[in-house]
Ligand SMILES: Nc1ncnc2c1ncn2[C@@H]1O[C@H](COP(=O)(O)OP(=O)(O)O)[C@@H](O)[C@H]1O
Ligand SMILES: Nc1ncnc2c1ncn2[C@@H]1O[C@H](COP(=O)(O)OP(=O)(O)O)[C@@H](O)[C@H]1O
């Protein structure tokens, strides 16, 4: 019913953000703030690990889209990690699968950013 | 939200009944029927393993008391296995802790019946 | 006895209405557990609340004749959670709803006893021909919040 | 379009009423998931139902001005589950509640689109000054039941 967030840095410039929990209208402002602060500090390249996200809805998608737009203004990029079929389905039916690259592991998502 | 039940026999005469799930007004008739059938077939000595019972209420207690009464008429006995503090608490406040012996493991509960 | 408590816009209220049937009690329990978790009751207190709600629903199902639904209302007060369980059956007089003495173990008769043991305030009100209303309250323990 | 369906004693009805606040949407989701699981919808279908309900509640919270609660009603029909989400706000006209074309990604505008994609029947009714009622229906899939 809540969300846990962690960040670690790879190669100095890539931030791996791990999200654990449910991303909905209640928790997505927290995710937005968390990512927003990292962008404010000058991080523009993100691998967002959603392997432990059990639920995401349009408010969560909105946060990801908003984050992507901000980092792109600085030439940055966002990759996602998820193996959850429901999450992939939502990206599929909203067409966001064409906007975000979704990988099966953090390693792949990080490598794609290099 | 439901209950799984299994029985295995030890030394030919002791039935170890394992309950897995929640015992409430919806599921306790199923438990009652399961144990009732074993008694009908002549089993009067039970170790009831409730280690995987996540929830029990007065309807479940009623089934255990009813079973105990029936087997006692045949000189039988019932021991229980539970380490769940909430389950123990309910036996405590209802005074049933004096009626049932509750053990921490199936081995102990079975040995007590020998 | 039940302390008088105001009802108002500042008191968040969550209500669940279920058919008066055994298969829906788990939903009432889950909903109350979710409300209690949001209020930061601890695990033991949440277990107590689930049990009290289930006992009340079980009684409504088993004893309220001709009632087809149960309404569970949670009100979040600054000092704890008030839960009202209402059925629409032909009830017993409130005085007859009581916990029995715990003597020789017998099947039945533990529900009201448990409710009184687990909750801080408990009150039954029987409305003539329109069902039974159980109002109960659990204060935040020292460990919660 | 919504097929006309009877309401009656034989159609089990479960209702959840929550404050119109973000922190309670999870409860609505959980309740609907529990109803759906009882009806033997499969895990994918349950996930769809949770999402549709959450999107509807989110919209009620974000767009229904001056509404302080949301009522989620589940009706169990022989062929599937009907869910009604009602708020009491000053709504938009029903015609204006529509899914946008998915072009350039932008923040927002996906909720109604998802609801229509995930449910089999969807209908909005805006009652003048008394809120929006979304009625949606999901049939049992071949894999469920
Ligand atoms: N909602 C209710 N409607 C009518 N009678 C009730 C209700 N709740 C409790 N009672 C009465 O109180 C008695 C005691 O209930 P309880 O302690 O749960 O034991 P049991 O249900 O096993 O009889 C019941 O037998 C019934 O007569
Ligand atoms: N319950 C509601 N009350 C009032 N307006 C609503 C309601 N639900 C949806 N709407 C309208 O439909 C539009 C589309 O909603 P949606 O697709 O979820 O996108 P978003 O909420 O991001 O704008 C909303 O912007 C709003 O104008």
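Protein chains in written order, with my numbering: chain A, 1 to 114; chain B, 115 to 228; chain C, 229 to 373; chain D, 374 to 518.
Using N, Cα and C, we set each Cβ at its ideal position, and we do this for glycine too.
Proximity of residue i and residue j at Cβ, strictly below 7 angstroms
i: residue 462(D); j: residue 438(D); result: yes
i: residue 300(C); j: residue 244(C); result: yes
i: residue 57(A); j: residue 424(D); result: yes
i: residue 434(D); j: residue 507(D); result: no
i: residue 387(D); j: residue 401(D); result: no
i: residue 138(B); j: residue 253(C); result: yes
i: residue 456(D); j: residue 509(D); result: yes
i: residue 65(A); j: residue 27(A); result: no
i: residue 109(A); j: residue 81(A); result: yes
i: residue 272(C); j: residue 346(C); result: no
i: residue 338(C); j: residue 201(B); result: no
i: residue 190(B); j: residue 149(B); result: no
i: residue 298(C); j: residue 285(C); result: yes
i: residue 83(A); j: residue 113(A); result: no
i: residue 136(B); j: residue 169(B); result: yes
i: residue 167(B); j: residue 210(B); result: no
i: residue 308(C); j: residue 249(C); result: no
i: residue 380(D); j: residue 405(D); result: no
i: residue 487(D); j: residue 428(D); result: yes
Cβ distance (whole Å) where residue i is taken to contact residue j below 8 angstroms
i: residue 460(D); j: residue 504(D); result: 5 angstroms
i: residue 31(A); j: residue 60(A); result: 7 angstroms
i: residue 152(B); j: residue 121(B); result: 6 angstroms
Residue interval of the beta strand (DSSP E) (run including residue i)
i: residue 310(C); result: 308–315
i: residue 77(A); result: 77–81
i: residue 303(C); result: 297–305
i: residue 101(A); result: 101–103
i: residue 364(C); result: 359–367
N-terminal and C-terminal residue of the alpha helix (DSSP H) that residue i is part of
i: residue 115(A); result: Because chain A here runs from 1 to 114, residue 115(A) falls outside it and cannot be looked at.
i: residue 343(C); result: 339–346
i: residue 519(D); result: Absent from the model: residue 519(D). The displayed extent of chain D is 374 to 518, so no value can be given.
i: residue 221(B); result: 220–225
Any non-hydrogen atom of ligand 4 closer than 6 angstroms to residue i Cβ
i: residue 413(D); result: Of the ligands one can find in the structure shown, namely ligand 1 and ligand 2, none is ligand 4.
Interface flag, residue i vs chain F, CB-CB below 7 angstroms
i: residue 277(C); result: Of the chains in the structure shown, none is chain F; the protein chains are A, B, C and D.
Give a yes or no on contact between the segment 3–16 of chain A and the segment 33–52 of chain A, applying the rule of three or more CB pairs nearer than 8 angstroms.
Three or more Cβ pairs drawn from the segment 3–16 of chain A and the segment 33–52 of chain A lie within less than 8 angstroms of each other, which places the two stretches in contact.
At a cut of 8 angstroms, does the segment 261–281 of chain C reach the segment 214–223 of chain B through at least three beta carbon pairs?
With the cut-off at 8 angstroms, the segment 261–281 of chain C and the segment 214–223 of chain B do not touch.
3-residue-minimum beta strand (DSSP E) runs that sit fully inside the segment 124–189 of chain B, ordered along the chain
When DSSP assignments are scanned along the segment 124–189 of chain B, the uninterrupted stretches of beta strand (DSSP E) that are 3 or more residues long and fall wholly within it turn out to be 128–137, 159–170.
My parser needs the alpha helix (DSSP H) runs of 4 or more residues fully inside the segment 384–431 of chain D; what are they?
Whole alpha helix (DSSP H) segments, 4+ residues: 398–411.
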